[in-house]
Structure formats: C-alpha cells, structure tokens
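The structure appears below as structure tokens.
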Amino acid sequence: MSLFWRIFGLNAVVLGTATALLLWAPVTVSVPVLLTEAAVLLGGLAVMLVANAALLRVGLAPLERLTRLMTTVDLLRPGRRLPVTGQGGVAELIRTFNDMLDRLEAERAAGSARVLSAQEAERRRIAQELHDEVGQSMTAVLLELKRAADRTPDEELRADLRHAQETTRESLDEVRRLARRLRPGVLEDLGLVSALTALAGDFATHTGLVVRRRFDPGLPPLDRERELVLYRVAQESLTNAARHSGAALVELRLCRAAGGVVLEVRDDGRGLGAAREGAGIRGMRERALLVGGALDIGPAPDGGTAVRLSVPAAASPGEPGDGFGVRPSAPAAGTGAAT
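In UniProt numbering, the protein residues as written are 1 to 339.
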C-alpha cells in the first residue's frame, strides 16, 4: 500500500467511525445549539483528532526515523541502516536509501583508497628528492664550508665559517627528518615495531615530551598496507598530542587482540572537549576504513585523550589478500620509554 492510500485509509476509518456514531447515536443538533449538544460535538471532534493524530503518527514513524538517519549519517562511520519491515512505498523508500548508502560507502572507500595511494606515492617521491637532491647539495655545501674554514688564516672568518657549517648541518638533519616522516624507511626495512620505536624516539627528542611505549611480543603478521595505516595513525596521534593537548606524557601501545592488533595512543592533556574533528582525525578514519579497522577517539580513563585503532590481521597464506603481501612484524621491543 502506498503512502497516499495508507493516509487516506487512516482518515477514512476515523471519518467513517464518526459518521456511524452520528447516524446511530441518539444525538440531535438544535438551533440555536444547546450547551450539552456543543459539548458532545466538541468531544467527538477531539476524539477524531486524537485518533487521527495517533494513526498518522504510527503510519509516518518510519519516515521520521529515515529523516533522523539522513541528518546524522556519516560515511566515515559506516554500517548505520534502517530495518525494512513489510511492503509498500515506505518500505521501498527505506530499502532504496539503504542501497544508496551501500553504494556511497563503497564509492567513498574506493575514492579514499586512490587518494591515499596517490598521497603516499607523492610522499615517497618528495622524500626521495629531499634525500637525493637537497641532501646531497647540502652535504656538498658542508664540505665546501669545511674546506674553506680549514684554509683560511683569519680566525674571525674561520669562526663564521664554522658557525655556517653547524647551521647547515642542522638544516641537513632537519631535511633528513622530514624525509623520514614522509617515507618511513624503517617501516619498509625492519617492520612496524621498529618503526614505531624510532617514531617515538624522534617525537620525544623534538617535542620534549615523555613517550612511554609498550609492544606485546608475538604480534600477528600484518601486510604493508595495515602496517602503514597503523604507523600513520600513530604519527598523527602523536602530532595532535604535541600540538593541541598540552600533555606532558604520551603512552604508545601495540597489543594483540582477537584476530588482529590494537594500537592505542594516550596522553595526559586537556582532552578533546567540544572541539570538532579536523582533517587529521577524518584522515585517520579514512585510513582505518581502508583496512577494515575501527577507530575510536575519546577521553582517556585518567584524563586526556585516547586514540584506539583495531586492525584485523593479514590474510593467511592461501587466503585472498589485498595484493600487498604479508611480512611478519619485527620482534617486539617490550616496554620502554623515550624522553
């Protein structure tokens, strides 16, 4: 039954019932209308309106639920659907909306995968150019400054050249650090645990925060895509902790879980409060969806912010994978701290 005929039928029931009552009830209307007659008519009208409103509320409830879902749906939090019950226009509308969400989530995931893949490729290209072009040029400048400082007899000029040499060396170190952030070579060569250890040490050195890390031994095998997602989420979480939380201590954990691993980053800062999610957090959600993971961001038990990413393990040999290959993570480093 379509929505039109459903509403028409509900009103027909109410009006037919009222007409039947008027025909068979011993109620008459005088001119002028008596007070008792007016009370009976107004009471009947009130009953009709209440019954009509109740029936329409029941009939239009699925549309109200659909409207609420349409205003709150977020493609980065997939899986929200309305149950489809019965047949008719409303059920078909809800079924069509659910199918549309399926298509949008699939298209969003495919588009995000292409964008993030292109982003990682561009990061690798920039990191390679920084290492090969800028790094070599600055190394050559360092050698020239050293040669000039060794040859000059002027002590004041030699001091200036030494100072320029130190400045250039610091700049070269910064370029290399940027290249490592853009393209984590440790992740590709030694695995996730070693890469997270290096990330925590580098983060603590350049921010002054205390980073405590704990990595469970015997982590399940992860393919390159999952390792990269875990690394990027840890990197973004540490960056947010340094920039926005006002924290003094950050805990970085990588633990075993049923069928996968869990990455958790906690800080003792001021927490999220009423802040809206920015591009960094939405980027983390997109990365988590690409590998079938679940990202939760909320208050930590002892205050501050907790970022928790659950990622399923890679497919076993012989099972369908995602084309990236499986490489076991490096042996866990146990519990440590970087200050």
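By construction, the Cβ of each residue, glycine as well, lies at the ideal position given by its N, Cα and C atoms.
Keep in mind it's a predicted model, so treat the numbers as computed, not measured.
Open item on the list: Our contact map puts Leu249 next to Ala234 with C-beta atoms below 8 Å; I'd like the distance itself, whole angstroms only.
Closed with: Incorrect: roughly 16 Å between the Cβ atoms, too far for contact.
Practice problem: Identify whether Val311 lies in helix, strand or coil by the three-state DSSP scheme. | Solution: Strand, per DSSP.
| request: State the Cα-Cα distance for the pair Asp132 and Glu120, rounded to the nearest angstrom. | output: 18 Å
Original post:
Alpha carbon to alpha carbon, what distance is there between Ala91 and Phe324?
Top reply: Residue confidence for Phe324 is low, a pLDDT of 37 falling below 50, so the modelled location carries little weight and cannot support an answer.
Burial state of Ser237 (16 or more Cβ within 10 Å): buried
Discussion item. Let's test the definition: count the other Cβ atoms within 10 Å of the Cβ of Thr197 and tell me whether it reaches 16, buried, or not, exposed.
Written reply: buried
Discussion item. Distance check for Asp267 and Leu161, CA to CA, integer angstroms please.
Written reply: 43 Å
Complete beta strand (DSSP E) runs within the stretch 175 to 234 (minimum length 3 residues, chain order) = 210 to 215
Just the Cα atoms here: how many angstroms apart are residue 398 and Arg77? Nothing can be reported for residue 398, as the shown portion of the chain is limited to 1 through 339.
Spatial distance of Pro317 from Thr305 (CA atoms)
Residue confidence for Pro317 is low, a pLDDT of 39 falling below 50, so the modelled location carries little weight and cannot support an answer.
**Request:** Using beta-carbon positions only, say whether Leu145 and Gln128 come within less than 9 Å of one another.
**Result:** no
* Could you check the C-alpha separation between Ala333 and Arg213 for me, to the nearest Å? => With a pLDDT of only 46 at Ala333, under the threshold of 50, the placement of this residue in the model should not be trusted; the figure read from the coordinates follows. Taking the straight line joining both Cα atoms gives about 9 Å.
- Query: Rounded to a whole number of angstroms, what is the C-alpha to C-alpha distance between Leu116 and Arg6?
  - Reply: 48 Å
ask   = Would the stretch 100 to 118 and the stretch 284 to 299 be scored as touching if the rule is three or more Cβ pairs under 8 Å?
value = Yes: at least three Cβ pairs fall under 8 Å.
Checklist entry - alpha helix (DSSP H) containing Arg256: first to last residue? => result Looking at the DSSP string, Arg256 is not in any alpha helix (DSSP H); the run it does join, the beta strand (DSSP E), is Leu249 to Ala257.
From Glu232 to Ala204, what does the alpha carbon distance come to, in whole angstroms? The sequence shown places Arg at residue 232, not Glu. Their Cα atoms are separated by approximately 17 Å.
My output table needs one value for Gly59: the three-state DSSP class, helix, strand or coil.
In the structure shown, Gly59 adopts helical secondary structure according to DSSP, grouped into three states.
Taking the alpha-carbon positions, what's the Val261 to Ser171 distance? 37 Å
Review point. Given that a residue counts as buried once 16 or more other Cβ atoms are within 10 Å of its Cβ, and exposed if not, what is Gly269?
Key: buried
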